[in-house]
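For any residue, its number in my numbering is found by taking its place in the sequence shown, counting from 1, and adding 22.
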Amino acid sequence: MEARGSVFIVTGSSRGIGRAIALEAARRGAAGVVVNYVRSREAAEEVARSIRELGSDALVVRADVSRWEEAKSLVEAAVERWGRVDVVVNNAGILEPKPFAEMEPRDWQRMIEVHFYGALNVAKAALPHMIQRRRGVIVNIASVLGLRPEPLASHYSAAKAALIAWSMAVAKELAEYGIRVFAVAPGGVDTDMARVWGDLDWVEEEVPVARLAKPEEVAKLVLDAIENPYITGDVLTISGALL
Ligand code: NAP
Numbered sequence: 023m024e025a026r027g028s029v030f031i032v033t034g035s036s037r038g039i040g041r042a043i044a045l046e047a048a049r050r051g052a053a054g055v056v057v058n059y060v061r062s063r064e065a066a067e068e069v070a071r072s073i074r075e076l077g078s079d080a081l082v083v084r085a086d087v088s089r090w091e092e093a094k095s096l097v098e099a100a101v102e103r104w105g106r107v108d109v110v111v112n113n114a115g116i117l118e119p120k121p122f123a124e125m126e127p128r129d130w131q132r133m134i135e136v137h138f139y140g141a142l143n144v145a146k147a148a149l150p151h152m153i154q155r156r157r158g159v160i161v162n163i164a165s166v167l168g169l170r171p172e173p174l175a176s177h178y179s180a181a182k183a184a185l186i187a188w189s190m191a192v193a194k195e196l197a198e199y200g201i202r203v204f205a206v207a208p209g210g211v212d213t214d215m216a217r218v219w220g221d222l223d224w225v226e227e228e229v230p231v232a233r234l235a236k237p238e239e240v241a242k243l244v245l246d247a248i249e250n251p252y253i254t255g256d257v258l259t260i261s262g263a264l265l
């Protein structure tokens, strides 16, 4: 699907990878982009300003995607403004490293709620609009940790593995409606999230290319894949050989 003229919802696009995807969509001529956040309102407004400077329309919507009603209103806001949703990028995420022995049920519940239920909520809310027009792309930002799980991130790894499995299965169901679904699994990316592990010493030790990916490098892959009609049910890694 051409990004040019399409309407995008990018969850968690106030910062990091989501921000880069929203801006890359605008660079490629998106008709409109929903910038979504939960806490960083100012940052989200700033992203929307940059999108408008690039010539696309932008709408800022606060919604916790893990809540069904809020995910629904996120989609409704786009439909009200532009009459359609062409692309959903499920990018919103959190990472709180912790040994399983120290976790409480709320820790793994929240991880699954945000990464897994959050993606399903927004996809499900957008689906009727996509099916009606027989046009749509759903991108799920997973992680190499969903393919190669890590200690201290067992809940995160499991949530991303679930998201990958769901993407592959649902792509098979939705192909008949002309709707594509795929996952993108980055390694380490230079955002706030990469810093939750403390300092960045692990990058030189563990990443063979000895650096983090730039959010823009991930965003370009996401947009290239959206524009490639044969990519569906696939898991695209971008890991600097970390995988
Ligand atoms: P980030 O810089 O921490 O940004 C996270 C974004 O998600 C923010 O916009 C945040 O909004 C939003 N968010 C968090 N919880 C939300 C919720 N419940 N509802 C809606 N939005 C929510 O993270 P990032 O590094 O860009 O990560 C983006 C995605 O890539 C995540 O799914 C992450 O798991 C994945 N990923 C990241 C890396 C990495 O190394 N950075 C590697 C592989 C995969 P606020 O600003 O309002 O808090």
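C-beta: ideal position from N, C-alpha, C; glycine also.
| Check | Outcome |
| --- | --- |
| Around the Cβ of D221, are there at least 16 other Cβ atoms within 10 angstroms (buried) or fewer (exposed)? | exposed |
| For V136, does the three-state DSSP call read helix, strand or coil? | helix |
| Going by CA-CA distance only, name the one from W104, A207, I186 that's closest to L142. | I186 |
| What separation, rounded to the nearest whole angstrom, lies between the Cα atoms of L196 and V229? | 36 Å |
| Do H137 and I116 have their beta-carbon atoms positioned less than 9 Å apart in this structure? | yes |
| The ligand NAP heavy atoms versus the CB of L265: any closer than 8 Å? | no |
| Okay, do the region 78-91 and the region 47-64 touch, 3+ Cβ pairs below 8 Å being the bar? | yes |
| Restricting to Cα atoms, I'd like to know which of S36, G38, R49, S35 is closest to A245. | Checking the sequence, you will find Leu at residue 245 rather than Ala. With distances taken between Cα atoms, L245 lies closest to R49. |
| With contact counted as at least three CB pairs below 8 Å, one residue from each stretch, are the region 169-182 and the region 121-132 in contact? | yes |
| Could you tell me the boundaries of the beta strand (DSSP E) in which G40 lies? | Per DSSP, G40 belongs to no beta strand (DSSP E); it is in the alpha helix (DSSP H), 38-49. |
| On the three-state DSSP scale, how would you describe A181? | helix |
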